[in-house]
Structures are given as C-alpha cells and as structure tokens.
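These notes are about the structure you will find just below.
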Amino acid sequence: MHSTAPCLFSSLPAALQNRFVHFLRQELGGGQNTVVAPADEWLQAALAVDPTVQVHPARGTFWIRRGRKALENMARHFLVVPRPVAELLDRHQLLRANPADYGLTDEEWLALAL
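Mapping of the sequence shown onto my numbering: residues 39 to 152, in sequence order.
This is how it looks when you write it as structure tokens:
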C-alpha cells in the first residue's frame, strides 16, 4: 500500500507531524525566506486547524484533503511575511516610508511582528 487512509493531523505520530510542519512551511512559505514563525508555531497552527491529511510514505509527501484553505489563511495572516513587504524590508525602505502607503491589513502587520 502506497498511502495511508485520510486521517486528522492530530492523530499522526509526532514524527509525522513534524515532517508535515516542515512540508507545510516549505510549501506555503515558498522557500523564499518568507516564513517568520518558528516550526513550533506552525505546529500549533496545524493542530488548531487539524486538517484531514493523507500520507504517502514512499514519496515522503502529504495530501491535504480538508482544511487547506484554513491553513493558507492562517499562514498568510500570521505565519508568513507578505511578499511585497519582505522585499521592502530587504531594501530597508519600509522604515523610511509611511506604512499606510503599503495598504497592509492588521493581520499582515501582526505577521511582521511575530
């Protein structure tokens, strides 16, 4: 059997939960240094959403069957720096400009402060 039956994230063994968190950070963070929260905060977010996942051990991958949208929303608002802001921070322009000009939501500013 190449995959397990869909199950809740919270029912996975700790090792698989950690692998899932790593997978999720890479996938939603885009691997572009946009992740601002530590792995433990991602784990707590995943436990809060408790998505239904399917594990494919042979490939080392996960399929998120339910709860993906909730995870993406939580990541975008609280765990991942909005990309345009990350670029501005890299160029040290954000501190010299009026933040209101960037049209950030409260959640995006909160994500920057994590």
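For glycine and all other residues, C-beta sits at the position ideal for the given N, C-alpha and C. From a predicted model like this one, the values you see are computed outputs, not experimental measurements.
Where residue i falls: helix, strand or coil (DSSP)
i                : result
valine 74        : coil
phenylalanine 47 : helix
valine 7         : Since the displayed the chain opens at 39 and closes at 152, residue 7 lies outside it and no answer follows.
leucine 62       : helix
glycine 68       : coil
histidine 40     : Unreliable positioning characterises histidine 40 in this predicted model, as indicated by a pLDDT of 44, which lies under 50. A coordinate reading is not provided.
Option nearest residue i by Cα separation, candidates the options
i                : options                      : result
phenylalanine 58 : Phe100, Cys45, Glu110, Ser49 : Phe100
alanine 84       : Leu66, Pro44, Leu109, Leu50  : Leu109
threonine 90     : Arg104, Ala96, Val74         : Arg104
lysine 78        : Gly68, Arg63, Leu50          : One detail in the question is off: residue 78 reads as aspartate in this sequence, not lysine. Checking every option, the nearest Cα to that of aspartate 78 belongs to Arg63.
leucine 46       : Ala113, Pro95, Lys107, Val87 : Val87
threonine 42     : Gln92, Val119, Pro76, Phe61  : Gln92
proline 44       : Gly68, Ala52, His94          : His94
arginine 97      : Phe61, Ala52, Leu81          : Phe61
arginine 114     : Ser48, Ala52, Gly67, Gln82   : Gly67
leucine 50       : Thr72, Leu81, Leu117         : Leu81
proline 120      : Leu54, Lys107, Ala75         : Ala75
Paired residues, beta bridge with residue i - DSSP
i             : result
histidine 104 : For clarity, residue 104 is arginine in the given sequence; the question names histidine instead. In DSSP, arginine 104 forms a bridge with Thr90.
threonine 99  : His94
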